[in-house]
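Trainee:
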Amino acid sequence: MVISNIKATLPYDIKKVWDTVTSLENYSWRSNISKIEILNEKEFVEHTKDGYQTIFTTIAMEPYKLWKFSMENDNIRGDWTGLFAQEGNKTIIDFTENVVAKKVLMKPFVRLYLKRQQKTYIGDLKKVLRDSR
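Position 40 of the sequence shown, counting from 1, maps to 61 under the working numbering, and the rest follow consecutively.
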């Protein structure tokens with residue numbers, strides 16, 4: 022299992038950050054996602070621009086505090102935990118992924134893949150929050 026974590030302090034209200042991260046309808050800010058398909062109240066599928074599909078199942082959700090889900094695609098399975106905290110006018114986010122490679126050939130690349138995905142996600146998030154002021 023590979024664990025990858027990223028933390029950031031964002032100069033925005035927690036409601037704005039939470040609403041942006043958890044919206045499954047407004048995902049146009051995500052540079053690597055072409056479509057999100059909502060299956061039911063707990064499950065959704067992200068379609069990347071490269072054609073990969075990942076199924077997500079919400080495990081826990083506490084508004085403005087926690088969003089946790091399992092995830093699985095052809096290459097990986099695991100879970101993602103997003104923690105949110107308000108500190109003054111800023112929001113602290115702490116995102117952790119626990120992932121297992123499903124294919125032996127993927128194992129050496131999983132950590133690098135997760136770090137790249139997290140960096141892209143945080144960069145996209147900062148940009149959309151900044152642009153929506």
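Note that beta-carbon positions come from the ideal geometry of N, C-alpha and C, so glycine has one too. What you are looking at is a predicted structure, and each value in this text was computed from that prediction instead of being measured.
Between which two residues does the beta strand (DSSP E) holding G103 run?
Mentor: 97–108
Trainee: Taking C-alpha atoms, which residue in H68, G103, F105, A81 lies nearest to N94?
Mentor: H68
Trainee: Taking 8 angstroms as the cut-off, decide whether the C-beta atoms of D115 and L133 are in contact.
Mentor: no
Trainee: DSSP has N26 in a bridge; who is on the other side?
Mentor: T117
Trainee: With a 10 Å radius around its C-beta and 16 neighbouring C-beta atoms as the bar for buried, classify S25 as buried or exposed.
Mentor: buried
Trainee: Mapping the DSSP letters down to three states, classify K36 as helix, strand or coil.
Mentor: helix
Trainee: DSSP beta-bridge partners for S91?
Mentor: T78, D100
Trainee: Using the Cβ count rule (16 or more neighbours within 10 Å means buried), how would you classify V121?
Mentor: exposed
Trainee: Using CA coordinates, which residue listed in T102, Y73, V125, M127 is at the minimum distance from A81?
Mentor: T102
Trainee: Looking only at DSSP bridge pairs, what is L31 linked to?
Mentor: T112
Trainee: Compare the beta carbon distance of L150 and V38 with 8 angstroms and say whether it is the shorter of the two.
Mentor: The answer is yes: Cβ separation under 8 angstroms.
Trainee: If the criterion is Cβ atoms closer than 8 angstroms, does the pair T41 and L146 meet it?
Mentor: yes
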